[in-house]
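Visitor:
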Amino acid sequence: MRQSSHAPVDCFALLEMTAGFDIHIIGGGLAGSEAAWQLAEAGVRVRLSEMRGGGDSTPAHETDRLAEMVCSNSFRSDDAEHNAVGLLHQEMRSLNSLIIRAGDKHRVPAGSALAVDREAFAAEVTRAIEQHSSITLVRERVDSLPDHPTIIATGPLTGSKLAESIAAETGEGALAFFDAIAPIVHRDSIDMDVAWMAARWDRGSNEGDGKDYINCPLDKPQYEDFVAALIDGEKMPFKEWEADTPYFEGCMPIEVMAERGPETLRFGPMKPTGLDNPRTGRWPYAVVQLRQDNALGTLWNMVGFQTKLKHGEQVRIFRTIPGLQNAEFARLGGIHRNSFINSPRLLDGELRLKSKPNIRFAGQITGCEGYVESAAVGIMAARFARAELRDETFPPPPPETALGALLAHITGGADAETYQPMNVNFGLMPPLSGRLKREDRKKGYTDRARAALAEWLAQAKIREPA
Ligand SMILES: Cc1cc2nc3c(=O)[nH]c(=O)nc-3n(C[C@H](O)[C@H](O)[C@H](O)COP(=O)(O)OP(=O)(O)OC[C@H]3O[C@@H](n4cnc5c(N)ncnc54)[C@H](O)[C@@H]3O)c2cc1C
Numbered sequence: 022m023r024q025s026s027h028a029p030v031d032c033f034a035l036l037e038m039t040a041g042f043d044i045h046i047i048g049g050g051l052a053g054s055e056a057a058w059q060l061a062e063a064g065v066r067v068r069l070s071e072m073r074g075g076g077d078s079t080p081a082h083e084t085d086r087l088a089e090m091v092c093s094n095s096f097r098s099d100d101a102e103h104n105a106v107g108l109l110h111q112e113m114r115s116l117n118s119l120i121i122r123a124g125d126k127h128r129v130p131a132g133s134a135l136a137v138d139r140e141a142f143a144a145e146v147t148r149a150i151e152q153h154s155s156i157t158l159v160r161e162r163v164d165s166l167p168d169h170p171t172i173i174a175t176g177p178l179t180g181s182k183l184a185e186s187i188a189a190e191t192g193e194g195a196l197a198f199f200d201a202i203a204p205i206v207h208r209d210s211i212d213m214d215v216a217w218m219a220a221r222w223d224r225g226s227n228e229g230d231g232k233d234y235i236n237c238p239l240d241k242p243q244y245e246d247f248v249a250a251l252i253d254g255e256k257m258p259f260k261e262w263e264a265d266t267p268y269f270e271g272c273m274p275i276e277v278m279a280e281r282g283p284e285t286l287r288f289g290p291m292k293p294t295g296l297d298n299p300r301t302g303r304w305p306y307a308v309v310q311l312r313q314d315n316a317l318g319t320l321w322n323m324v325g326f327q328t329k330l331k332h333g334e335q336v337r338i339f340r341t342i343p344g345l346q347n348a349e350f351a352r353l354g355g356i357h358r359n360s361f362i363n364s365p366r367l368l369d370g371e372l373r374l375k376s377k378p379n380i381r382f383a384g385q386i387t388g389c390e391g392y393v394e395s396a397a398v399g400i401m402a403a404r405f406a407r408a409e410l411r412d413e414t415f416p417p418p419p420p421e422t423a424l425g426a427l428l429a430h431i432t433g434g435a436d437a438e439t440y441q442p443m444n445v446n447f448g449l450m451p452p453l454s455g456r457l458k459r460e461d462r463k464k465g466y467t468d469r470a471r472a473a474l475a476e477w478l479a480q481a482k483i484r485e486p487a
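Numbers in our numbering are just positions in the sequence shown, counted from 1, shifted up by 21.
1) Around the C-beta of P130, are 16 or more other C-beta atoms found within 10 angstroms, so that it is buried, or is it exposed?
2) Assign D214 to one of three DSSP states: helix, strand, or coil.
3) Nearest to D369 by alpha carbon, out of V336, E280, A316 and T432?
4) In this structure, does DSSP put T171 in helix, strand or coil?
5) Using CA atoms only, rank isn't needed, just tell me which of L311, Q111 and V215 is closest to T301.
6) I156 to E371, Cα distance in whole Å?
7) What is the rounded straight-line gap between the Cα of L178 and the Cα of E185?
8) Taking only the alpha-carbon atoms, compute the straight-line gap between D235 and L457 and give it to the nearest angstrom.
9) Between N315 and A429, what straight-line distance do the alpha-carbon atoms span, to the nearest angstrom?
10) Of all the alpha helix (DSSP H) runs that stay within the bounds of the segment 241-315, which reach a length of 4 or more residues?
11) Just to check my reading of the structure: F350 and V206 have Cβ atoms closer than 8 angstroms, yes? What is that Cβ distance to the nearest angstrom?
12) Is it the case that the CB of P177 approaches a heavy atom of ligand 1 more closely than 6 angstroms?
13) Quick check on DSSP: helix, strand or coil for I66?
14) Roughly how many angstroms lie between the CA atoms of E284 and G325, to the nearest whole one?
15) Going by the beta-carbon positions, is the gap between Q327 and I211 smaller than 7 angstroms?
16) As a quick exercise: from G41, R66, D85 and A63, pick the residue whose alpha carbon is nearest that of G48.
17) Taking 7 angstroms as the CB-CB limit, is A57 close to chain B?
18) Would a C-beta distance cut-off of 7 angstroms place F339 and P442 closer than the cut-off?
19) Can you tell me whether I252 is buried or exposed? The criterion is at least 16 other CB atoms within 10 Å of its CB, across all chains shown.
20) Would you identify the three-state DSSP class for M443, choosing helix, strand or coil?
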């Protein structure tokens, strides 16, 4: 069902307008459309508010279609045996995902990736939502946090008034407007015959043993070559509407620091003082430090290495760092406009805002990254909301699955202090027990995930679509 309304909506108006609906979803992107579909298919009456088509837009969207893909037309790898996002596709198919179903239907040739005809895909999702008898799609902007059951799925470019309301509810610093992402490396790809564990001056955290960081040493020629490579490396331009992206001193891109002078990095994030290399008994000329990024200890972030270098350049240049010559990156660096909340601190295990539990969050605003992950979190928010509305319990997917790993990361597995957006990857899953050859490990994760998913589907009484 489709309605139109051009006036922004305040909370009193919302109260009246939502009478007759069980749940309100704000934002008709990848996550909000998926959440609406999941709830409506279970007979829950949904009001879906989408500001595009109602007189508002975002700087990145070009149409008023739901689930518009704002940049690439790819859902990335569809290989469910060797790739975490491919596994996530498969798990979402088991949960009757509208987004993956429409993606499969409008697939275009792209090797092992699931790439789609973006217009046909978005038209398909829009049609499915408009025609669903349990969904009322309203083209309106919402500016405040409702008091009734709600899922907020307003994405990386959330309307500014709603963002202000979220910031007021969640407190200072809990809603970021930009990401400043440092690369994250899989722990088992770091060469510990070159790197070593230590904290500066052996001062670790309270619980630690003075060995909180992984340190990668550089000698003078290596450092000079590295600085030159950063300066020469190809950078990603900012989009026109991101031109005012601030460079805070605390999260300056490393290549900008390198341009400020040859010694800047050695007195900044690459400072070697207080770090005795046990193999030489001396401080190195410069150092790259990595800090643990998730509770499982499988992912480590390169401290202070936020960057606008192109992804290929990051891999090439960062693999010249001794100890990282074989580094596998769970995430590469970037700086973008992106609204996201500090989910590990603010949300409970069912994606509810702890301070205002009638509100759930879904999609990229939770700090997941990407079309597929956003829709996946939309599915989980909807399933939790549906159970709550019916006074039922919905067991969270186990962390061995891609869905469960993503959920666990968002709702507590990640370090709240350094929380930045993240794609799904095997490093979010508990490490495999037993020793597997490197080439067998990905399959080890996906085999384990499939077994865990089957058990969970049975436990949650979910029947896979025919
Ligand atoms: C420039 C750019 C490029 C990107 N490129 C890629 C890429 O190539 N691949 C990839 O996987 N991901 C990419 N992303 C991330 C991508 O946006 C997300 O992965 C995905 O769209 C997030 O889904 P979502 O549903 O959370 O948000 P969105 O898809 O953005 O949906 C949010 C919806 O909420 C609506 N909305 C916002 N505020 C309000 C309000 N107050 N009231 C009512 N409606 C509101 C918006 O109009 C929008 O339709 C990119 C993001 C940006 C900004």
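Backbone N, C-alpha and C fix where the C-beta goes; we use that ideal spot for every residue, glycine too.
Guide: Based on what the coordinates show:
1) exposed
2) coil
3) T432
4) strand
5) V215
6) 23 angstroms
7) 13 angstroms
8) Inspection of the sequence shows that residue 235 is occupied by Ile rather than by Asp. Going from the Cα of I235 to the Cα of L457 covers about 24 angstroms.
9) 10 angstroms
10) 241-253 and 275-281
11) 6 angstroms
12) yes
13) Note on residue identity: the sequence assigns Arg, not Ile, to residue 66. Three-state DSSP puts R66 in coil, outside helix and strand.
14) 15 angstroms
15) no
16) D85
17) The chain labelled as chain B is not found in the depicted structure, where only one protein chain is given.
18) no
19) exposed
20) strand
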